[in-house]
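Enquirer:
2 protein chains.
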Amino acid sequence: MAVLHFCDIPEETSLKGATGVSKRTLIGKDQSAPNFYLRRFRVEPLGNTPRHAHQWEHEIYVLSGSGEVMVAGETSQLNEGTAAFIPGGADHQIRAGDTPLEFICIIPAIEEA
Amino acid sequence: MAVLHFCDIPEETSLKGATGVSKRTLIGKDQSAPNFYLRRFRVEPLGNTPRHAHQWEHEIYVLSGSGEVMVAGETSQLNEGTAAFIPGGADHQIRAGDTPLEFICIIPAIEEA
Chain A
1 MAVLHFCDIP
11 EETSLKGATG
21 VSKRTLIGKD
31 QSAPNFYLRR
41 FRVEPLGNTP
51 RHAHQWEHEI
61 YVLSGSGEVM
71 VAGETSQLNE
81 GTAAFIPGGA
91 DHQIRAGDTP
101 LEFICIIPAI
111 EEA
Chain B
1001 MAVLHFCDIP
1011 EETSLKGATG
1021 VSKRTLIGKD
1031 QSAPNFYLRR
1041 FRVEPLGNTP
1051 RHAHQWEHEI
1061 YVLSGSGEVM
1071 VAGETSQLNE
1081 GTAAFIPGGA
1091 DHQIRAGDTP
1101 LEFICIIPAI
1111 EEA
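Chains A and B, in that order, give the protein sequences. Everything in the first sequence is counted per my numbering, starting at 1 for the first residue and increasing by one. Everything in the second sequence is counted per my numbering, starting at 1001 for the first residue and increasing by one.
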């Protein structure tokens, strides 16, 4: 078993193509997670994740704040309690609104590009 | 893409072996999720999930409230912002404290027992 608090995990802030984004990997290789990794992101007001596409999917749950997610040219609102499934292969980007956007993002257990 | 709010997903409340537990599957078969499913649980004060073991792992993130998780006889505190990795095969149970405990729980894309 591994039990930890997100505040005890170092933030990564140099994320290629991102503006105002920090990431903490809460459950991943270090916990020998076999199938999927759990990460927590914070996007500063008006910041955004990279606009990109890759073969693996994202599953997202919004913890706080608001913003929007763009997937394959279609944009949807994100608020606390919103879940989003972003399929593999789709062009996508997450953008914060006027307040910080915090969310959980799960990916398959792969080497991250 | 699928974007939804947890409040729009029906609650399941008849969970075998559980007391005061409701579950919403936010991303699962209905979204054609290929690798893992995202569920949101609420445990009423002093309620608990089943004490059981199964071959698949859980990855958990606590949204609100407090309680504890028991894994293979070892008990750890849960608070808002705690993440827990429960390995496959381990006897485990989640218990709420004096307030409702709400958490995200991700499992591999399998038929749930």
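Cβ coordinates follow ideal geometry from the N, Cα and C atoms, glycine included. Treat the numbers as computed from the prediction; the structure is a model and nothing was measured.
1) For chain A, is any of its Cβ atoms less than 8 Å away from the one on B:ILE1027?
2) Cα-Cα, which of B:GLY1088, B:HIS1092, B:GLN1055, B:HIS1054 is closest to B:GLU1068?
3) Using the Cβ count rule (16 or more neighbours within 10 Å means buried), how would you classify A:GLU11?
4) Do you know offhand how far B:VAL1043's Cα is from A:ALA72's?
5) So, with DSSP's three-state summary, where would you put B:LYS1016?
6) Against chain A, does B:HIS1052 count as a neighbour if the rule is that its beta carbon must be under 8 Å from one of theirs?
7) Can you check DSSP and say which residues form a bridge with A:ASN79?
8) Exposed or buried, which one is A:ILE110 when buried takes at least 16 other CB atoms within 10 Å?
9) Can a CB atom of chain A be found closer than 8 Å to the CB of B:ILE1106?
10) On the DSSP bridge assignment, give the partners of A:HIS92 in chain order.
11) CB B:ARG1051 to CB B:PHE1006, shorter than 8 Å?
12) Determine, for A:ALA113, whether the minimum Cβ-Cβ distance to residues of chain B falls below 8 Å.
13) By Cβ distance below 8 Å, which residues in the same chain neighbour B:LEU1026 in space, the five residues on each side in sequence not counted?
14) Thinking just about the alpha-carbon of each residue, which of A:ALA53, A:GLN55, A:PHE36, A:GLU102 is nearest to the one in A:SER64?
Expert: Judging by the given coordinates:
1) yes
2) B:HIS1092
3) exposed
4) 37 Å
5) coil
6) no
7) A:SER66
8) exposed
9) yes
10) A:HIS52, A:VAL71
11) no
12) Low per-residue confidence applies at A:ALA113: pLDDT is 42, beneath 50, and the placement is therefore not dependable enough to give any value.
13) LEU1004, PHE1006, ILE1009, LEU1038, ARG1039, ARG1040
14) A:GLU102
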